[in-house]
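Peer 1:
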Ligand SMILES: Cc1ncc(C[n+]2csc(CCOP(=O)(O)OP(=O)(O)O)c2C)c(N)n1
Ligand code: SF4
Ligand SMILES: [Mg+2]
């Protein structure tokens with residue numbers, strides 16, 4: 180282990196825990212804690228997200244990854260991170276956070292590090308939900324970011340319960356009898372907020388300052404914090420390698436991915452476009468929705484309109500979700 184992998188190094192590296200808000204792009208710390216050579220796809224949305232997360236949280240961060248595309252970021256015996264990193268079975272991120280927290284506490288080092296679980300949607304909404312739930316129940320001090328690419332990408336783009344209704348995946352095909360995913364997306368932020376943890380938010384890799392400041396805020400709060408990070412995935416969604424940020428922006432601008440936070444139970448909408456862009460602009464940037472007909476697009480537009488109306492009035496719990 181060289182000095183760059185040791186989180187217990189004294190106070191000389193910025194940002195320290197609980198650093199201030201980043202107001203402009205110029206204020207983003209310049210030290211990139213993910214080096215080149217990682218093994219995820221070119222233009223990978225979740226990879227952009229992890230890079231932003233480490234810029235916001237700084238060197239004294241311990242990353243937990245579970246099985247998923249981030250299994251591919253390192254190539255044994257190398258890994259691209261300048262901070263400690265642990266990779267575990269897909270269902271264990273919450274348990275790992277509890278274990279690491281108590282390991283640090285036993286050494287009286289729990290205040291020296293930020294524990295960041297950076298975990299896929301399949302592992303979060305589905306396979307690891309029990310373990311995440313228990314870590315919340317135990318009031319573990321950690322940040323959980325679900326890098327939400329809305330499918331089990333690593334195993335070949337299968338439907339997860341984060342997949343939007345009607346999206347094509349390899350287990351929700353389109354044909355004479357099928358119109359893509361028949362299920363509604365699981366309302367994960369409501370499920371986690373119902374645990375009464377101090378901080379729950381959504382974010383998108385297309386809005387880096389919003390995401391990084393949510394992380395900075397989370398870093399200052401004691402207890403479990405959960406951020407659902409929209410992370411477009413080019414092979415899974417069907418767009419070009421240079422379009423992940425553009426697709427994320429379209430999701431936010433159309434209302435398909437509202438940016439909000441729930442802080443100690445208080446809901447706030449963080450970004451309100453003057454007028455929502457039509458959902459079809461977002462949907463048809465992606466091959467996973469290319470089969471949709473006008474009636475189906477209108478149905479999705481109606482769901483989003485209802486969700487937006489409720490969220491605009493602060494009615495988080497009543498909001499329909501797309
Ligand atoms: C218990 C268990 N079931 C299934 C798998 C196979 N598996 C490995 S990675 C993966 C996909 C995980 O999806 P997600 O968490 O969304 O991450 P992504 O692949 O999208 O990065 C699956 C299903 C596993 N490793 N363990
Ligand atoms: S499949 Fe998607 S999430 Fe996985 S590495 Fe490629 S772009 Fe990233
Ligand atoms: Mg996924």
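Residue numbers (my numbering): 180 to 501.
A virtual CB, placed ideally from N, CA and C, is assigned to each residue, including glycine.
1) In angstroms with no decimal places, state the Cα-to-Cα distance between residue 477 and residue 253.
2) Tell me whether the segment 413 to 421 and the segment 371 to 379 touch, counting them as touching only if at least three CB pairs, one residue from each stretch, are closer than 8 Å.
3) Where are the beta strand (DSSP E) runs, 3 residues long or more, that stay fully inside the segment 426 to 454, in chain order?
4) Do you know offhand how far residue 265's Cα is from residue 276's?
5) Roughly how many whole angstroms lie between the Cα atoms of residue 448 and residue 364?
6) Which partner residues does residue 403 have in the DSSP bridge list?
7) To the nearest angstrom, report how far apart residue 183 and residue 297 are at their CA atoms.
8) According to DSSP, simplified to helix, strand and coil, what is residue 207?
9) Between residue 267 and residue 218, which are expected to be in contact by the criterion C-beta below 8 Å, what is the C-beta distance as a whole number of angstroms?
10) Helix, strand or coil, according to DSSP, for residue 368 in the structure here?
11) Pick helix, strand or coil for residue 244, following the three-state DSSP scheme.
12) Residues in the same chain with beta-carbon distance under 6 Å from residue 305, minus the five sequence neighbours each way, listed in chain order, please.
13) Helix or strand or just coil, what does DSSP make of residue 380?
14) Determine the extent of the beta strand (DSSP E) in which residue 227 is found, giving its start and end residues.
15) What is the DSSP secondary structure of residue 296, counted as helix, strand or coil?
16) Using DSSP with H/G/I as helix, E/B as strand and the rest coil, what is residue 249?
17) Determine the direct distance from the alpha carbon of residue 446 to that of residue 495, and round the result to whole angstroms.
18) Quick one: what does DSSP say residue 358 is sitting in, helix, strand or coil?
19) Could you check which residue in 371, 317, 233, 225 has the C-alpha nearest to that of residue 299?
20) For the beta strand (DSSP E) that residue 306 lies in, which residues bound it at each end?
21) From the DSSP output, in three-state form, read off residue 496 for me.
22) To test your reading of the DSSP string, which unbroken alpha helix (DSSP H) runs of 4 or more residues are found completely within the segment 467 to 495?
23) Considering residue 281, what are the terminal residues of the alpha helix (DSSP H) in which it resides?
24) Leaving out the 5 sequence neighbours to the left and right, which residues in its chain are closer than 7 Å to residue 180 when beta-carbon positions are compared?
25) Counting C-beta neighbours from all protein chains within 10 Å, is the total for residue 199 16 or more, i.e. buried, or is it exposed?
26) Drop a sphere of 10 angstroms on the beta-carbon of residue 357, count the other beta-carbons inside from all chains shown, and report buried for 16 or more, exposed for fewer.
Peer 2: On the basis of the coordinates in this document:
1) Each residue's Cα considered, the two are about 43 Å apart.
2) At 8 Å Cβ cutoff, the stretches do not touch.
3) If we require 3 residues or more, the beta strand (DSSP E) runs fully inside the segment 426 to 454 come out as 439 to 442, 445 to 448.
4) One Cα belongs to residue 265, the other to residue 276, and the distance between them is close to 10 Å.
5) So the two alpha carbons sit approximately 20 Å from each other.
6) Per DSSP, the beta bridge partners of residue 403 are 321.
7) Only weak support is given to the placement of residue 183: the predicted model assigns it a pLDDT of 34, under 50, and the question is left unresolved by the model.
8) Taken through DSSP and simplified to helix, strand or coil, residue 207 comes out as coil.
9) In fact, because the Cβ distance is near 18 Å, the residues do not count as touching under 8 Å.
10) Residue state for residue 368 is assigned as helix, using DSSP reduced to three classes.
11) DSSP places residue 244 in strand when its eight states are reduced to three.
12) Within the same chain, Cβ atoms closer than 6 Å to the Cβ of residue 305 are found at 339, 340, the five residues on either side in sequence being excluded.
13) In this structure, residue 380 counts as strand in the three-state DSSP scheme.
14) That residue, residue 227, is in no beta strand (DSSP E); its alpha helix (DSSP H) goes 224 to 236.
15) DSSP places residue 296 in strand when its eight states are reduced to three.
16) Here residue 249 sits in helix by DSSP.
17) Rounded to whole angstroms, residue 495 to residue 446 spans 7 Å at the Cα level.
18) Residue state for residue 358 is assigned as strand, using DSSP reduced to three classes.
19) Among 371, 317, 233, 225, the Cα nearest to that of residue 299 is on 225.
20) Going by DSSP, residue 306 is part of no beta strand (DSSP E) at all; its letter is neither H nor E.
21) Per DSSP, reduced to three states, the secondary structure at residue 496 is coil, with no helix or strand assignment.
22) As far as the segment 467 to 495 is concerned, its whole alpha helix (DSSP H) runs of at least 4 residues are 473 to 491.
23) Per DSSP, residue 281 belongs to the alpha helix (DSSP H) from 272 to 285.
24) With a pLDDT of 31 at residue 180, under the threshold of 50, the modelled position of that residue is not reliable, and the figure given next carries that caveat. When the five nearest sequence neighbours on each side are left out, no beta carbon in the same chain lies closer than 7 Å to the beta carbon of residue 180.
25) By the 16-neighbour rule on beta-carbons within 10 angstroms, residue 199 is exposed.
26) Exposed, because fewer than 16 other Cβ atoms sit within 10 Å of the Cβ of residue 357.
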